[in-house]
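What follows is a short report on a single structure.
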Amino acid sequence: MTHRERIRNAINHKALDRIPIDFGGTNLTSISMIAYSKLKKLLGINKKLPMMYDFLQQIAVVEEEIINRFKVDVINPAKPFLQSSIKWQEFTIPYDGTKCLIPEYIQDMVNIRMDNNQTILISDKDGTVLGIMPKTSVHFRQTYWPYGNIKELPDNFNANDINKTIWAVPFPPHNYDITNEENLKLIFEKIKNLHQTTDYAILYMIGGSVFLLPSSLRKFDDFLCDIYKNKKNVKKLLNYIVEKNLILIEKIINTIGGYIEALIFYDDLGYQKKSFIPKDIYKEIFKPAHKTMWDYIHENSNCKIFLHADGSIYELLPELIDAGIDILNPVQTSASDMEPEKLKKEFGKYITFWGGGCEPETLAFKSRKDIKEEVKKRIEVLGKDGGFIFAPILNITAEVPPENIVMMFETASNY
């Protein structure tokens, strides 16, 4: 069974020769640069500096030697762009001095500088500081919201506002504007070649956020208030977002839709205890936006819908399934009502679980024996009758010991 066949069979709940594995196939199932550098050192893979292709999340490119070692079945669509189409520059992470390479194109889109305290600041070209990462942190923090200093959410929107947040800085291949036909042709050629010269599964990021994006434009608390106090303009904003995303979706599925297994959407809809919004609000305001995009994809391609939604989203899952999701990630099993047994029993016949492989706390702080036992249990529960791709719950964080990472993936790949 090829890597691609294994992923397809898992998604379609068909027979498998082993559990499929994803590590680095997306920027949601990968590893921080600090943790990755330690992993490379442990495994003796030190030939060149690692590439940090997602600067905002500080995410590393997982190299072929590690993909092969851990029997990974998914390949990142950024891969064919990393050498031939992108120039790189050396970068040192202030937190611990880890050295890596970052794409030069980022400096063409935003200004990156370090102050006297070794805080990294990302600024728009007009000088607005969009976000910062202090030396004591391994994460960027948003500092500017386009609609954050006005009393009410406006009733008209434009691309300049939408793109003026720290999260709009793209990672490959999304640094190419696909409204440009030459760029679209380049993406088509690269993804087609990746599909034809490997047998890995390929997923492609759309984004398509209708909750997380508005909250990053408005500030989280203000947007939650808008949902109740200004539904009219919230719906206008969502319509604007959906309209722009449908243009992107149409271009993607008409060019590379035949070469990818799923389109990735993200919308963090919950926290540890429950969903950010009640089911009735999701159903009234956000579900129509999701459903419009997902119906279009299902009606015009064979691509599956992959939704990344953190936290406790148990109460929203029936509505999300009705709206059209096929795959759920990261399967945050430590959150309330997200126990793997419960999820598999109630929703396992309807969706595929992509993630849920090992609790972040277990991976970071418990023994390798504990990790091995937890991984086996997750595979037994979530992998029963298909519908499961093994992956870390969220990206592997900086503090995780490399020995624990090896134990997690080797247990999964040899199960």
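Residue numbers (the numbering used here): 103 to 517. Think of the CB as a built atom: it goes at the ideal place given N, C-alpha and C, for glycine as much as any other residue.
In this structure, Ala500 lies near Val240, with their beta-carbon atoms less than 8 Å apart. With a beta-carbon spacing of about 6 Å, Asp198 and Ile136 fall inside the 8 Å limit used to define contacts. Within the DSSP bridge table, the entry for Phe408 names Ile366, Ile429 as partners. The residue among Ile252, Asp324, Gly229, Leu365 with its C-alpha nearest the C-alpha of Asn431 is Leu365. Taking 8 Å as the cut-off, the beta carbon of Leu340 is found closer than this to the beta carbon of Val312. By the Cβ test, the stretch 390-401 is in contact with the stretch 420-427, since at least three Cβ pairs between them sit closer than 8 Å.
At the C-beta level, Lys446 and Val483 come within 8 Å of one another. For Ile399, the closest alpha carbon among the candidates Asp369, Asn356, Asp370 is that of Asn356. Per DSSP, reduced to three states, the secondary structure at Met510 is helical. Runs of the beta strand (DSSP E) spanning 3 or more residues and lying entirely within the stretch 260-315 occur at 303-309, in chain order. DSSP places Lys142 inside the alpha helix (DSSP H), whose first and last residues are 135-145.
Per DSSP, Gln374 lies in no alpha helix (DSSP H) and is assigned neither H nor E. In the DSSP assignment, Asn111 forms no beta bridge with any residue. Remark: C-beta atoms of Lys353 and Ile280 approach each other more closely than 8 Å.
If one requires a minimum length of 3 residues, the beta strand (DSSP E) runs lying completely within the stretch 191-243 are 201-205, 213-216, 222-225, 231-235, in chain order. Within the stretch 312-363, the alpha helix (DSSP H) runs of at least 4 residues that lie entirely inside it are, in chain order, 314-320, 322-331, 333-357.
With contact defined as three or more Cβ pairs closer than 8 Å, the stretch 161-179 and the stretch 464-478 are not in contact. Contact between Ala112 and Gly489 holds, since their C-beta atoms are separated by about 7 Å, short of 8 Å. Using a Cβ-Cβ distance cut-off of 8 Å, the stretch 366-375 and the stretch 407-421 are in contact, since at least three pairs of beta carbons, one from each stretch, lie closer than that value.
Note on geometry: alpha-carbon atoms of Thr230 and Leu288 lie some 32 Å from one another. Taking 8 Å as the upper bound for CB-CB distance, Val271 and Ile195 are not in contact here, some 17 Å apart. Within 10 angstroms of the beta-carbon of Thr104 lie fewer than 16 other beta-carbons, which makes it exposed. Between the alpha carbons of Phe455 and Ile415 lies a gap of roughly 13 Å. DSSP, read as helix, strand or coil, puts Met154 in strand. In the three-state reduction of the DSSP assignment, Ile252 falls in the coil class, being assigned neither a helical nor a strand state.
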